[in-house]
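Peer 1:
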Amino acid sequence: MTMRSARIIGTGSHLPERSLTNAELARQLDTTDEWIRSRTGIAERRIAAPGELTSDLAVKAAEQALSQAGITAESLDFILVATTTPDLVFPSTATIVQRKLGAGRFLMPACDIQAVCAGFIYALSLADSLIRSGSARRILVIGAETMSRVVDWQDRSTCILFGDGAGAVVVEGSPEPGQGILSTHLHADGSYEALLRTDGGISHGLLVDPTSGRGLAQMRGNEVFKQAVKALEGLVDETLAANGLDKSQIDWLVPHQANIRIIHSTAKRLGLPMERVVMTVDRHGNTSAASVPLALDEAVRDGRIQPGHLLLLEAFGAGFTWGSALIRW
Ligand code: ACO
Numbered sequence: 005m006t007m008r009s010a011r012i013i014g015t016g017s018h019l020p021e022r023s024l025t026n027a028e029l030a031r032q033l034d035t036t037d038e039w040i041r042s043r044t045g046i047a048e049r050r051i052a053a054p055g056e057l058t059s060d061l062a063v064k065a066a067e068q069a070l071s072q073a074g075i076t077a078e079s080l081d082f083i084l085v086a087t088t089t090p091d092l093v094f095p096s097t098a099t100i101v102q103r104k105l106g107a108g109r110f111l112m113p114a115c116d117i118q119a120v121c122a123g124f125i126y127a128l129s130l131a132d133s134l135i136r137s138g139s140a141r142r143i144l145v146i147g148a149e150t151m152s153r154v155v156d157w158q159d160r161s162t163c164i165l166f167g168d169g170a171g172a173v174v175v176e177g178s179p180e181p182g183q184g185i186l187s188t189h190l191h192a193d194g195s196y197e198a199l200l201r202t203d204g205g206i207s208h209g210l211l212v213d214p215t216s217g218r219g220l221a222q223m224r225g226n227e228v229f230k231q232a233v234k235a236l237e238g239l240v241d242e243t244l245a246a247n248g249l250d251k252s253q254i255d256w257l258v259p260h261q262a263n264i265r266i267i268h269s270t271a272k273r274l275g276l277p278m279e280r281v282v283m284t285v286d287r288h289g290n291t292s293a294a295s296v297p298l299a300l301d302e303a304v305r306d307g308r309i310q311p312g313h314l315l316l317l318e319a320f321g322a323g324f325t326w327g328s329a330l331i332r333w
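Under this note's numbering, residues 5 to 333 are what the sequence shown spells out, in order.
1) How is the beta strand (DSSP E) around Thr325 delimited, first residue to last?
2) Please tell me whether Val145 and Ala131 are closer than 8 Å, where the distance is taken between their beta carbons.
3) Using the DSSP secondary-structure output, state which residues sit across from Pro90 in a beta bridge.
4) Less than 7 Å between the CB of Arg49 and some heavy atom of ligand 1, yes or no?
5) Quick one: Cα of Leu315 to Cα of Gly275, how far?
6) To the nearest angstrom, how far is the alpha carbon of Val233 from that of Ala245?
7) Out of curiosity, what's the CA-to-CA distance linking Asp203 and Ala293?
8) Rounded to the nearest angstrom, how far is the Cβ of Phe320 from that of His260, given a contact under 8 Å?
9) Opposite Cys115 in the DSSP bridges: which residues?
10) Which runs of the beta strand (DSSP E) at least 3 residues long sit entirely within the segment 19-58? Give them in chain order.
11) Is the number of C-beta pairs between the segment 246-259 and the segment 217-232 that are closer than 8 Å three or more?
12) Could you check the C-alpha separation between Ser129 and Asp306 for me, to the nearest Å?
13) Among Ala66, Asp156, Gly327 and Ala27, which has the Cα closest to the Cα of Asp212?
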């Protein structure tokens, strides 16, 4: 049977137990709760325990998504994990997740996608294409990160922003057109690498070294902020135009949770009141590829998102990479 659209049939998420508040950060760094809240909207973020890996968070989120979908891992055709903070250089976190889900013997393909904060949207777009091309029927898409492990905890301008967590969705083909994922739009511009990057990596012969500070995240936040606002404005217009829709038809904005001021500007572009924006940045901080599926799962589980609603998911991150997905729930 030809699958003419791809629908999300289950969502899940998981956060580490440990919460790190602004007040705690202010005891270690020259910062204040007031500064962090007013510039970013963040009040606290979750931090993975020693030994708690990206794959551990991913598996817990995946189990919830599978359970909500009412399926088991053996019926999956593909596992995609969007992450910037994989457990190992190789094998991929996706194959580790497959093993931990007890699905290794079912031999479905599994691989990672690396597009930093836009990674989940990239992976969702790929899943949509695989399903509509007939290559797969049911795909587990996860965004999972332990950003706390690549953050320089001495750098007050970056460490306050990030948190750890995971979100997951199960995407399934449907023979009916016009359901589920209506369109996805992806972009990248590698010329902005210097504004947001880690200071080292494998082919530089350098792994993350928190002691020397090498290999950790570096950001020119103000310049990233301006580019993010501009790129997201263009993305919103592009997504609406491609679907012949007016902004008044969007029910929910499910944005990447980097900074409340960036989210405000996208909501303003859409003419959406903040009650129609799913916000988790205050409690999660920026969880990179995990932030969109974490926010989506929260709003699905608390009943804000209902069948028939029109959702705009969007994200912007290092690279730069950015993307959107328009979904009829
Ligand atoms: N506490 C107190 N003061 C601080 C802190 C802090 N935690 N951090 C920076 N400052 C100071 C700076 O030193 C500077 O001081 P100065 O004026 O004396 O030089 C002042 O605050 C202003 O600094 P800016 O960097 O201009 O502050 P800004 O208002 O731009 O806020 C922030 C910084 C929050 C990082 C913001 O620029 C931002 O959120 N940028 C976007 C980040 C983002 O979206 N990243 C996206 C993707 S992340 C990914 O892909 C992995």
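Backbone N, C-alpha and C define an ideal beta-carbon position, used for all residues, glycine too.
Peer 2: In this structure, then:
1) From DSSP, the beta strand (DSSP E) with Thr325 extends over Thr325 to Arg332.
2) A contact, by the Cβ cut-off of 8 Å.
3) Its beta-bridge partners do not exist; DSSP assigns none.
4) Every heavy atom of ligand 1 is 7 Å or more from the Cβ of Arg49, so no.
5) As the crow flies, the alpha-carbon of Leu315 is around 14 Å from that of Gly275.
6) So the two alpha carbons sit approximately 19 Å from each other.
7) Rounded to whole angstroms, the gap between the alpha carbons of Asp203 and Ala293 is 20 Å.
8) The distance from the Cβ of Phe320 to that of His260 is about 6 Å, consistent with a contact at the 8 Å cut-off.
9) BP columns for Cys115 point to Leu84.
10) For the segment 19-58, whole beta strand (DSSP E) runs of length 3 or above, ordered along the chain, are 22-25 and 48-51.
11) Between the segment 246-259 and the segment 217-232, the count of Cβ pairs shorter than 8 Å is below three; the stretches do not touch.
12) Spanning the two alpha carbons is a distance of roughly 25 Å.
13) The amino acid occupying residue 212 in the given sequence is Val; Asp does not appear at that position. Out of Ala66, Asp156, Gly327 and Ala27, Asp156 has the C-alpha closest to the C-alpha of Val212.
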